[in-house]
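In this note's numbering, the protein residues as written are 1 to 355.
Where is the CB? At the ideal position from N, CA and C, for every residue including glycine.
Right, one structure below, let's go through it.
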DNA sequence: AAGCCGGGGAA
DNA sequence: TTCCCAGGCTT
């Protein structure tokens, strides 16, 4: 075990210098704010997806005070399509807390970072090690996969017992005297690069791996079995009816979702559990002739259930006299949709506006 | 300990 | 189709 611990960081760093990723947007410049933003965006989201969102976000809100001063609606609009919108709300709230508590800067302290919304142990460690070079171990999906294989750890890494074991190994590696102080940012990045490019979930490229000499899974031919996959479960199926209501000027009636629950605080088409409820909502808000134009169902999968949306479209509807714009209801021109936070499947549906 | 919370890439 | 990804928060 000790030899396996000792070789880990040096072998990894030697590989990183020639084969790691050195040109990611948040590495130039590698400021605490940019590292923080990237870490939040990268939670459960792949690098290729994040890059475009990251560039747009820092272009619009280049530093922490700018983020703290922005209205929530602007932050959600910049996040629109990226998913897990609690990340955006927590990011925004954390920025404002940093202005209150830390003079507008991120704190250089693990516990102070974890005390901010949206930052857990691994994200705090990633920020400290990459932005300041402080010695902290991370344990994200990449590191879990690398360590499970390298040490031959059985069991689903999401299980608390297994996760505790992996944290202990991650800490042991980060504490190695063979990991120089000056190399903590590269060490953290190197682990994520290895997991993302070589030690992938399917078909890892062990032939090119700098750690294969001491890797238990490679030695035992178990790379396809480790890490142990999550126990399976069948997801419940739900249905909903969706109303696409356009007035004579082509504006679309949008409704803001509640502050909690799925798609919290985002703007969507009015939605009901079934057709009768949808028709009832329609008749209390607008005069809409006929049954509407049925559009193809939209299938959308969440991590914990599947949702099938049944949209219908009406054109040239008239609002009832007592129904106008208010806090949670707006008539939105089709060219103004980009300014609002809208769930990806609804935005895709609405991209057909004007037809 | 388990559920909640998006969207997309990969096989 | 199925899995799961640079997770964290709530119950």
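Sequence-distant partners of residue 344 (beyond 5 residues in either direction) whose C-beta falls short of 6 Å from its own C-beta, in its chain, are 81. Around the beta carbon of residue 142, 16 or more other beta carbons lie within 10 angstroms, which makes this residue buried.
When C-beta atoms of the stretch 261-275 are compared with those of the stretch 234-245, three or more pairs fall below 8 Å, so the two segments count as touching. If you ignore the 5 residues before and after residue 232, its C-beta comes within less than 8 Å of no other C-beta in its own chain. Here the stretch 97-109 does not lie against the stretch 8-27, with fewer than 3 beta-carbon pairs under 8 Å apart. For residue 346, there is no enclosing beta strand (DSSP E); the residue is part of the alpha helix (DSSP H) that begins and ends at 344-350. Between the stretch 115-130 and the stretch 288-300 there are fewer than three inter-stretch CB-CB distances shorter than 8 Å, so the stretches are not counted as touching. Scanning its chain for C-beta atoms nearer than 7 Å, with the 5 sequence neighbours on each side dropped, one finds around residue 136 the residues 110, 125, 128, 129, 174, in chain order.
Residue 298 is bridged by DSSP to 309.
Distance between residue 328 and residue 319, taken at the CA atoms: about 15 Å. Distance from the CA atom of residue 152 to the CA atom of residue 79, rounded to whole angstroms, is 38 Å. Residue 108 is not bridged by DSSP to any residue. Going by DSSP, residue 279 is part of no beta strand (DSSP E) but of the alpha helix (DSSP H) stretching over 275-285. A check of alpha carbon separations from residue 25 across 43, 352, 112, 58 identifies 58 as the nearest. Excluding sequence positions up to five before and after residue 147, its CB lies within less than 6 Å of the CB of 166, 169, all in the same chain and listed in chain order.
Residue pairing of residue 26 in beta bridges, as defined by DSSP: absent, with no partner found. When the Cα atoms are used, residue 145 and residue 217 turn out to be separated by approximately 11 Å. Only buried fits residue 193, as 16 or more other CB atoms lie within 10 angstroms of its CB. The alpha-carbon of residue 302 is positioned some 20 Å away from that of residue 90. Scanning 49, 15, 355, 33 for the CA closest to the CA of residue 67 turns up 33.
The Cβ-Cβ distance between residue 201 and residue 305 does not fall below 8 Å.
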